[in-house]
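Numbering follows our numbering, in which position 277 of the sequence shown is assigned residue number 321; successive positions increment by one, without gaps.
No residue lacks a Cβ here, since even glycine has one placed at the ideal position from N, Cα and C.
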Amino acid sequence: MKKFFITTPIYYVNDEPHIGHAYTTVAADVFARYYREKLGEKNVFFLTGTDEHGEKVAQAATKQKKSPKEYADEISEKFKSVWKLLNIKYDYFIRTTDPEHEKIVQQFLQKIYDNGYVYKGVYKGLYCVGCERFLSEDELVDGACPLHPNIKPIYKEEENYFLKLKELSEKALKEIQKGTYKILPQERKNEIVSKIKAGVNDVSISRFGIKWGIPLPWDKEHIVYVWIDALLNYYSATKIAPEKATFWPPDLQLLAKDILWFHALLWEALLIAAEEKLPETIFAHGFFTIDGQKMSKSLGNVISPKQLIDAYGVDGARYLLLTAFPFGNDGDVSLKKFTEKYNADLANGLGNLIARTAKLGERLDNNPYKRQEAGGMRHEDFNGVEKKIINYQPEEALKIIWNKIKDADKKFNEEKPWELENEKLEIVLKDSIKEIIEIAVNLKPFMPQTAEKIIEIFRAEKIESPSPLFPRK
Ligand code: MSP
45 MKKFFITTPI
55 YYVNDEPHIG
65 HAYTTVAADV
75 FARYYREKLG
85 EKNVFFLTGT
95 DEHGEKVAQA
105 ATKQKKSPKE
115 YADEISEKFK
125 SVWKLLNIKY
135 DYFIRTTDPE
145 HEKIVQQFLQ
155 KIYDNGYVYK
165 GVYKGLYCVG
175 CERFLSEDEL
185 VDGACPLHPN
195 IKPIYKEEEN
205 YFLKLKELSE
215 KALKEIQKGT
225 YKILPQERKN
235 EIVSKIKAGV
245 NDVSISRFGI
255 KWGIPLPWDK
265 EHIVYVWIDA
275 LLNYYSATKI
285 APEKATFWPP
295 DLQLLAKDIL
305 WFHALLWEAL
315 LIAAEEKLPE
325 TIFAHGFFTI
335 DGQKMSKSLG
345 NVISPKQLID
355 AYGVDGARYL
365 LLTAFPFGND
375 GDVSLKKFTE
385 KYNADLANGL
395 GNLIARTAKL
405 GERLDNNPYK
415 RQEAGGMRHE
425 DFNGVEKKII
435 NYQPEEALKI
445 IWNKIKDADK
455 KFNEEKPWEL
465 ENEKLEIVLK
475 DSIKEIIEIA
485 VNLKPFMPQT
495 AEKIIEIFRA
505 EKIESPSPLF
515 PRK
C-alpha cells in the first residue's frame with residue numbers, strides 16, 4: 045500500500061455532534077495517524093465532513109427559524125470545533141453545500157444518465173424523513189419506521205428519476221463476492237449478500253417539489269436525492285481538496301451498521317454505473333446504546349464529546365470511546381462505566397506508572413535516553429499492536445499496550461527500585477524507561493498528546509515529575 049485514503053460518514057447537520065459521531069471519527073483518526081507514520085504524511089488522506097441537504101435538515105432549520113444554509117453553516121462549524129477539541133487531524137472537511145461539490149455531483153449524474161442507467165418513473169410509498177428514504181411495507185413496525193418510531197412516515201406519490209439498481213446489483217454482487225469490494229466484518233458482508241440475492245428494486249434518485257438540494261442537470265425541477273448527493277462526497281472531495289485527485293479510490297470507509305446498506309450497494313452501484321474504480325474496504329462498526337437505551341434527544345441521554353473531554357481529558361475521551369466495546373460489535377456505554385475504566389486504566393494504570401517512574405528518574409544524574417529519537421524505538425511490531433490496527437481492532441491493540449503497562453508495573457513492584465541506589469537503580473530504571481518510551485510510541489495514534497508528553501518527560505536532559513497525567517475521579 046502506497047497511499048491511504050480513509051473516510052468517515054458525513055454527518056447530518058440536523059443535530060449537534062454527539063459521541064456516536066465521535067466514535068467513528070476518533071477511530072478514523074487513529075487509522076489515519078497510524079498510516080501517516082507508516083507511509084508518510086503526504087500519502088494519507090483523511091476525509092470527513094457534513095451532510096447538509098435533505099428534508100431532515102430543512103425541517104430542523106425551519107424549527108429554529110433559520111434558513112437551511114444559515115443553519116448548516118452553524119452546525120458544520122460545531123462539528124469542526126468538536127473535532128478540534130478531540131484532536132482529530134483530518135485533511136479535508138467537505139460540506140455538501142460547497143458549490144464545487146454540487147457541480148461534481150451534477151457531472152457524475154449526467155454521466156450515469158448518459159450511460160443509460162437512469163429512467164423516469166413514478167414512486168408511490170411511505171417515506172421516512174428520519175432515514176431520508178422510502179420504506180417498504182414489510183419494513184414497517186406498527187405502521188412506523190423501526191428506527192424512527194416517533195416520526196410518522198409520509199405517503200408520497202411523485203415522479204422521480206430512478207437508478208437501475210436491480211441490474212447494477214448483479215454486477216455489484218460479483219465484486220462483493222470476489223472480494224474486490226470488501227465489506228467487513230464478515231457477518232455484515234453475509235447479511236448484505238443475502239439481501240442482494242433476495243432481490244433488489246430500482247431506486248429513485250431524485251425528489252420533486254423540494255428546494256433544498258442540488259438540481260438534476262438534465263431536469264432542473266428535480267432535486268438530487270440526499271443520499272446520492274451525500275455518497276458522492278467521497279468522490280467529489282478528491283477533486284476539490286488540493287492535490288488529492290490521485291487518492292481515488294478510498295482504501296477504508298468507516299461507518300456504522302445503520303448506513304451499511306447505502307454504502308454496500310447504492311454507493312457501489314453508482315460507481316459501477318459511472319465506470320469508476322471501487323473502494324477497497326467498507327468497514328461497518330456496531331452501534332452503541334447508553335445505559336441500555338438508544339441515544340436520543342427525547343430520552344435526554346445524549347452525551348456530547350465536550351462532556352467526555354471535560355470529564356476525562358481529550359486522550360481520556362479517545363481511550364474510553366475506543367475501548368468501550370470491540371470495534372465491529374454493538375455495545376453499551378455509560379458515564380459510570382467510563383469513570384470506572386478511567387480510574388482503573390488511566391489514573392491507576394498508565395498515569396501511576398509514569399508518575400512512579402518519573403519520580404525515581406529524578407534521582408538519575410544522567411538520563412540514558414536524553415534526546416534519543418523516539419521513532420527509532422518502535423519494534424517491528426510491538427507484540428502485535430500493528431497487526432491489530434491493520435485488522436481493525438483498535439481495542440485489541442490498546443489491550444496489548446495495557447498488558448505491557450501491567451507488566452511494567454509488576455516488574456516495578458518486584459524489583460522495588462526505590463530501595464536501590466546508584467548503579468543498581470540506574471540499571472533497573474534504564475529498562476523501565478525504555479519500556480515506557482516504547483509504550484508511548486505505540487500509543488501515539490490513539491492518544492497523541494499523552495504519548496508526546498511521556499516521550500518528552502523521559503527524553504529530557506533531566507527527568508522531572510510531571511503533574512498527574514490522569515487525576516483520579
Ligand atoms: N448523513 C448520513 C451519512 C451520509 S455518508 C455518505 C448519516 N449521518 S448521521 O449523522 O446520522 O451519522 C450516522 C453515523 O454516525 C453512523 O453511521 C456512525 O458512524 C455514527 N453514529 C451515530 N450514532 C452512533 C451510535 N450510537 N453508535 C455508533 N455509531 C454512531 O447517517
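Task: For E85, the first and last residue of its enclosing alpha helix (DSSP H) - done: Careful: E85 lies outside any alpha helix (DSSP H) and carries neither H nor E.
- [ ] Would you kindly report the start and end of the unbroken beta strand (DSSP E) that includes R232?
- [x] Where R232 is concerned, there is no enclosing beta strand (DSSP E), although the alpha helix (DSSP H) it sits in stretches over Q230 to K241.
TODO: Express the C-alpha separation of Y278 and T51 in angstroms, rounding to a whole number.
DONE: 7 Å
Open item on the list: Ignoring anything shorter than 3 residues, give me the beta strand (DSSP E) runs that lie fully in the region 373-428, in order along the chain.
Closed with: 375-377
Open item on the list: For a quick check, are the C-beta atoms of L207 and V162 less than 8 Å apart?
Closed with: yes
Open item on the list: Rounded to the nearest angstrom, what separates I138 and G93 at their Cα positions?
Closed with: 4 Å
Task: Span of the alpha helix (DSSP H), counted from its first residue to its last, around T290 - done: That residue, T290, is in no alpha helix (DSSP H); it is neither H nor E in DSSP.
- [ ] Return the CA-CA distance between D475 and W305, expressed in angstroms with no decimal places.
- [x] 51 Å
Open item on the list: Going by C-alpha to C-alpha distance, which of E81, A361 and K155 sits closest to K488?
Closed with: E81
Open item on the list: Contact defined as beta carbons within less than 8 Å: I believe I507 pairs with I498. What is the distance between those atoms, to the nearest angstrom?
Closed with: Actually they are not in contact, since the Cβ atoms of I507 and I498 sit about 11 Å apart, beyond 8 Å.
- [ ] Return the CA-CA distance between K222 and K233, expressed in angstroms with no decimal places.
- [x] 12 Å
Open item on the list: If contacts are defined as beta-carbon pairs under 8 Å, then L296 and F327 qualify, I think. What distance do you get, rounded to the angstrom?
Closed with: 6 Å
TODO: Rounded to whole angstroms, what's the CA-CA distance from P370 to E439? Just pull it up for me.
DONE: 6 Å
Task: Status (buried if at least 16 other CB within 10 Å, exposed otherwise) for A289 - done: exposed
TODO: With a threshold of 7 Å, establish whether the CB of N194 neighbours any heavy atom of ligand 1.
DONE: no
Open item on the list: Measuring alpha carbon to alpha carbon, tell me which residue in G336, E114, W262 and G98 is nearest D22.
Closed with: Outside the shown range of the chain, which is 45 to 517, sits residue 22, and nothing can be said about it.
- [ ] Taking A355 as the reference, give the member of S340, T367 and K380 with the closest Cα.
- [x] K380
Open item on the list: For the structure I just gave you, are there three or more beta carbon pairs, one from the region 248-261 and one from the region 190-205, closer than 8 Å?
Closed with: yes
Open item on the list: Less than 8 Å between the C-beta atoms of Y79 and F48, yes or no?
Closed with: yes
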